[in-house]
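Respectively, the protein sequence lines represent chains A and B.
Residues in the first sequence are numbered consecutively from 749, following this note's numbering.
Residues in the second sequence are numbered consecutively from 749, following this note's numbering.
Cβ atoms here follow ideal geometry from the backbone N, Cα and C, with glycine treated the same way.
There are 2 protein chains.
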Amino acid sequence: MKQKVTLKQIAKELDVSISTVSKALKDSVEISLDTRQKVKAFAKLYNYKPNNIALSLKNRKTKTIGVIIPEIVHHFFTTVIGGVEKVANEKGYNVIICSSNNSFDKEVINLEMLASGSADGFILSVAKETQQKKDYHHIEETMSQGMPVVLFDRIIDELVCDKVIIDDGKGAQTATNHLLSLGCKKIAIITTVDYISVGKLRTNGYLRALRAYDITAREDYILKIEDIDNCESEISSFLKDKEVDAIFAVNELFAVTAARVLHEQGKKVPDDVSIVGFTDGILSKHFIPSLTTISQHGEEMGIRAAKLLIDKLEGEEDVPEEYKTVIIDTSLIQRQSTKK
Amino acid sequence: MKQKVTLKQIAKELDVSISTVSKALKDSVEISLDTRQKVKAFAKLYNYKPNNIALSLKNRKTKTIGVIIPEIVHHFFTTVIGGVEKVANEKGYNVIICSSNNSFDKEVINLEMLASGSADGFILSVAKETQQKKDYHHIEETMSQGMPVVLFDRIIDELVCDKVIIDDGKGAQTATNHLLSLGCKKIAIITTVDYISVGKLRTNGYLRALRAYDITAREDYILKIEDIDNCESEISSFLKDKEVDAIFAVNELFAVTAARVLHEQGKKVPDDVSIVGFTDGILSKHFIPSLTTISQHGEEMGIRAAKLLIDKLEGEEDVPEEYKTVIIDTSLIQRQSTKK
DNA sequence: TAACCTTACGAAAACGTTTGCGTGTGGATA
DNA sequence: TATCCACACGCAAACGTTTTCGTAAGGTTA
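This is the structure we're talking about:
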């Protein structure tokens, strides 16, 4: 178990100074060709790799991007990460990922840990708990220390920074309009409680779409779910004996659960009830019937977020701060869960 | 945009030495109570946080675990990460995740990057390409530099290190046995090409189970898929006009795709054909009918892997090396895709 | 031969910590 | 008054780099 070899060791072995070794490896003209070759051969033999930690300390930058997401077991977020990695790798950045598990405390810990030396900037989607508590001091602090932050998807309006979002309201409107255009009249929505920003926005989009069609929204057609993991029973009793002809679900899980409940209640999708979901994940694609849904283009979000961040990281220091909010277009993916 | 505050700055402001500040913050008795309080108050005010990079350099350990997985958009792997994070957090370690995207080159790059300063040890499941190329020099090198590696799921037999696996063969046998015990006689298998270690092992388990039942395996009941992303057409023509009464699929995607194909071919699951999958992911749970499957207990794998790694990291230096292979039990989760 | 220029290398500082040890100050003791 | 001991603090090294600057040796020029 030989330890990693350092410049110092090479220098000692070759009986030259550390600086000579460093320069030789960088092909500096200061060093004679002879010495250069000798050093390089030796370094190769012993498989010398510069120590990143030392470099980071010296350069005061790490060339890595920290990504913090609410849950790692979530298809949408992983596609975003895919996008981030794509551009990060192109630009020579590494990506490290941490999950907050939707816990405020873990979000704070992870951010502080990464902020204290491991990453130059952050791409983050805040935890559910953080949105609920409305406590953003950790993010503000990170920014005030000069580390750029790009928020995506679950963003925070009050925070002044770059953001990448979709137009949740518009997406929801598109979804609802699609149902309306199919002739559906009794359209229910299964959504989250209001403190989840994207849930609320999508609910509003649904309401707007109905209004534009001169349909009065009905309270009993709106289900707001708090405990996502146990949504089945709630959805089941919500749908029980309800004469709806369409459902708009603000996420994939609600959509498939609704489909399953309907199936159990003996109703057919899309013949009796049409369903439109949100987020184009594996479930929507593989379900039978496959689900019509609103795609958020997660990868594109990741790409844009990474670009914004790297621009900030590599931008001039003294340029007046300017923050952008990029809005990614959603699109309706028509599949089998809505009738033609 | 005030910069991060360092010991040096605090020292300067308070007109004491750096060491005094450092000691004061650690409540050293060497420092007078008065000074300690003053320093701490100041540090708090300016929100001092020790620089991890500097600490890592000094201590020559980072207290972080590197996890490298083939794909991040994969439910099984994310559950493993969940397990790793659980024990890592308990023990004061951080977890950073990189994905190799099933690319050998990216695996090498990520490993080298993390190995050169960012992590103390690794938990890794190798890329498809790596299994194909049989080139493990990067992993061997990492280990020879004194950094422990724990392999999981897609492991490499030739490598001498800790491993956490399931008994893929046994799991497959259990799956097949279950079908046999239901009275199925014509059991097809949809599996991967042989160079994917787990695919091969599962195929072998299937064959063993048949043999134990004195059923001769039929070549035309075995489908080996190379291009996972386009499996639908292959599965479709494989199943076309085939009189099977059961299918064992070595992963979730194959299982649902088979179900979808059968559905299109007018066959009912489980009435006409029973299906057993492998990996208990979202798809299996939410599909209609929900899928009987072999659970790999990803979280448990992560937990065990993290424990093995941390044991090595915190163990005595001069203890003779000893490597364990932990085999996690799989279990059959009975759902609706196999008839009673 | 004195002055100068190249060439080839080394010393040292810096990044931010921690920590063993040295030391000045003041009070208590003999 | 000389000695000793706590006490409270500072110095400096170390971790592994990079890079600026200084400098010795040798050769060239006048």
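Member of the options whose CA lies at the smallest distance from the CA of residue i
i         : options                                    : result
Ile913/B  : Val753/B, Leu907/B and Ile903/B            : Ile903/B
Lys809/A  : Ser767/A, Gly840/A and Thr783/A            : Gly840/A
Glu982/A  : Asp962/A, Leu1010/A and Asp1077/A          : Leu1010/A
Ile995/B  : Ser985/B, Ala1007/B and Ser866/B           : Ala1007/B
Gln921/B  : Leu907/B, Gly931/B, Ala957/B and Lys948/B  : Ala957/B
Ser866/B  : Ser873/B, Val874/B and Ile857/B            : Ile857/B
Gly919/B  : Glu778/B, Lys752/B, Val998/B and Lys1015/B : Val998/B
Ala791/B  : Lys1060/B, Leu773/B and Ser780/B           : Leu773/B
Glu1012/A : Asp763/A, Asp915/A, Ser984/A and His926/A  : Ser984/A
Gly953/A  : Lys1016/A, Asp763/A and His926/A           : His926/A
Pro798/B  : Val777/A, Ile813/A, Ser864/A and Thr827/A  : Ser864/A
Val828/B  : Thr1078/B, Glu1047/B and Lys1060/B         : Glu1047/B
Gln880/B  : Ser851/B, Met895/B, Lys933/B and Gly894/B  : Ser851/B
Leu862/B  : Ser873/B, Ser1038/B, Asp853/B and Ile845/B : Ile845/B
Val832/B  : His1045/B, Thr1078/B and Val764/B          : His1045/B
Ile1089/B : Glu1062/B, Ser1032/B and Lys806/B          : Since the first residue shown for chain B is 749 and the last is 1088, residue 1089/B is missing from the structure and cannot be characterised.
Beta-carbon separation (whole angstroms), residue i vs residue j, contact threshold 8 Å
i         : j         : result
Ile944/A  : Lys876/A  : 7 Å
Ile1042/B : Leu1080/B : 6 Å
Tyr1071/B : Asp910/B  : 5 Å
Val897/A  : Ile887/A  : 6 Å
Phe1035/A : Val1004/A : 6 Å
Met1049/A : Phe870/A  : Between Phe870/A and Met1049/A the Cβ distance is about 15 Å, and since that is not below 8 Å, they are no contact.
Leu906/B  : Tyr884/B  : It is worth fixing the name first, because residue 906/B is Glu in this sequence and not Leu. Contact flag correct, Cβ pair sits at about 7 Å.
Val821/B  : Gly830/A  : 7 Å
Val843/A  : Tyr796/A  : Contact doesn't hold; Cβ gap of about 25 Å is too wide.
Arg959/B  : Gly917/B  : In fact, because the Cβ distance is near 12 Å, the residues do not count as touching under 8 Å.
His823/A  : Ile1030/A : 6 Å
Tyr961/A  : Leu928/A  : 5 Å
Ile779/B  : Lys771/B  : 5 Å
Glu855/A  : Thr878/A  : 6 Å
Leu755/B  : Val769/B  : 5 Å
8 Å Cβ cutoff, residue i in contact with chain B
i         : result
Ser847/A  : yes
Val856/A  : no
Ala1053/A : no
Met1049/A : no
Ser864/A  : yes
His823/A  : yes
Ala960/A  : no
Ser804/A  : yes
Leu907/A  : no
Leu1031/A : yes
CB contact check: residue i to chain A, cutoff 8 Å
i         : result
Arg956/B  : no
His926/B  : no
His1034/B : yes
Ile1076/B : no
Leu1080/B : no
His1011/B : yes
Arg1008/B : yes
Gln1084/B : no
Asn799/B  : yes
Ile813/B  : no
Ala997/B  : no
Ile820/B  : yes
Glu833/B  : yes
Gly894/B  : yes
Residues that DSSP places opposite residue i in a beta bridge
i         : result
Ser1079/A : Ser1043/A
Gly919/A  : Per DSSP, none; premise fails for Gly919/A.
Cys846/A  : Ile816/A
Leu872/A  : Ile816/A and Leu899/A
Val912/A  : Phe900/A and Val1074/A
Thr964/A  : Answer is none; Thr964/A lacks a bridge partner.
Val1024/B : Phe996/B and Thr1040/B
Ala789/B  : None, per the DSSP bridge assignment.
Leu971/A  : Ile938/A
Three or more beta-carbon pairs under 8 Å between the region 1078 to 1087 of chain A and the region 1020 to 1031 of chain A, yes or no? Segments in contact, yes.
Is the region 954 to 973 of chain A touching the region 933 to 944 of chain A in the sense that three or more CB pairs, one from each, lie closer than 8 Å? The region 933 to 944 of chain A makes contact with the region 954 to 973 of chain A; the number of CB pairs closer than 8 Å reaches 3 or more.
Is there contact here, the region 834 to 848 of chain B with the region 1043 to 1057 of chain B, by at least three beta-carbon pairs under 8 Å? Output reads yes: the region 1043 to 1057 of chain B touches the region 834 to 848 of chain B.
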